[in-house]
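Reviewing the structure listed below.
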Ligand SMILES: [Zn+2]
C-alpha cells in the first residue's frame, strides 16, 4: 500500500510539473508562428512542389518500378525565435547550410544559426499511378526519430499550403506529436 501511495504521489508531482491539461494530455509550450514565417513557408512549399506531376509521361510499368526523376525536392529551414514563459515564438527562419535536397529526404545543418528553436521541411506531393497527388500529411517516423535525437524544441513539416504538422517537447523533454501551432 505504501508503495502504491508513493507511486501516486510521484505521478501527481509529475503531472503538476508537466502541466497536464484537463484531458490528461501533456502540453508543450504554446508554439506561435508569425504570419510572415507562415507566408514564406507557403512560398517555399510552392517552389519545392512545383514539378510534382511531371512524371505523367512515364508509363505505368516505369512508375511501378519506382522510376524517379529529380522533380520536386524537399527543403530544410532553420526556425529562429525565443521561449517567452509558456510560449515559444517563431518569428524568422533561414535556409539550412549544406542542404542536400532529394525527392524523399533532405539534410542540412542549422548548427550555427542564432536563436535556433527548431527546423521545418517540406513534403512535396507524390504522384500516384494515375498521376494524382499523394500528400504526406504528417512528420514521418524518421522525421520524429531525427527530432528525438536533436536538442531542438520544435520541428515542423509543411505538406500543403497553410498545412503544417508539428512535434514539440513538453517541459519534461518528452516529445508531443502532433503539437498545436497558432499563427499570429
Ligand atoms: Zn519528412
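Residue numbers (the working numbering): -4 to 179.
Glycine residues also receive a C-beta, built at the ideal position from the N, C-alpha and C atoms.
Check: residue 127 C-beta below 8 Å from any heavy atom of ligand 1: In the chain shown, counting from the first residue as 1, residue 127 sits at position 132. Incorrect: residue 127 has no Cβ contact closer than 8 Å to ligand 1.
Same chain, Cβ closer than 6 Å to residue 128, five either side skipped, listed in chain order: In the chain shown, the residue the question calls residue 128 occupies position 133. Cβ within range, chain order: 120.
Alpha-carbon to alpha-carbon, residue 25 and residue 117: Your numbering for residue 117 matches position 122 in the chain shown. Your numbering for residue 25 matches position 30 in the chain shown. Taking the straight line from one Cα to the other gives about 22 Å.
Rounded C-alpha distance that separates residue 124 from residue 97: Sequence index remark: in the chain shown, residue 124 carries index 129 (1-based). Sequence index remark: in the chain shown, residue 97 carries index 102 (1-based). C-alpha separation (whole angstroms): 21 Å.
Distance CB(residue 162)-CB(residue 175) smaller than 9 Å: In the chain shown, counting from the first residue as 1, residue 162 sits at position 167. In the chain shown, counting from the first residue as 1, residue 175 sits at position 180. Cβ distance not < 9 Å, so residue 162 and residue 175 don't count as in contact.
Collapsed DSSP secondary structure at residue 135 in the structure displayed: Residue numbering aside, residue 135 sits at position 140 when the chain shown is read from its first letter. Here residue 135 sits in coil by DSSP.
Given residue 113 as reference, the closest of 31, 85, 42, 100 once Cα atoms are compared: In the chain shown, the residue the question calls residue 113 occupies position 118. Looking at the Cα atoms, 85 is the closest of the given residues.
Other residues of its chain near residue 44: CB distance less than 8 Å, five sequence neighbours each side excluded: Here residue 44 refers to the residue found at position 49 of the chain shown. Answer for residue 44: 67, 117, 119, 120, listed in chain order.
Runs of alpha helix (DSSP H) wholly within the stretch 130 to 178 (minimum 4 residues, chain order): For the stretch 130 to 178, whole alpha helix (DSSP H) runs of length 4 or above, ordered along the chain, are 136 to 144.
Host alpha helix (DSSP H) of residue 43 (start-end): What you label residue 43 is simply residue 48 of the chain shown in a count that begins at 1. Note, residue 43: alpha helix (DSSP H), 30 to 43.
Separation of residue 79 from residue 126, as counted between CA atoms: Your numbering for residue 126 matches position 131 in the chain shown. Your numbering for residue 79 matches position 84 in the chain shown. Looking at the two C-alpha atoms, the distance is approximately 45 Å.
Under 9 Å between C-beta atoms of residue 102 and residue 93: Taking the chain shown and counting its residues from 1, the one referred to as residue 102 is at position 107. Taking the chain shown and counting its residues from 1, the one referred to as residue 93 is at position 98. In this structure, residue 93 lies closer than 9 Å to residue 102 by Cβ.
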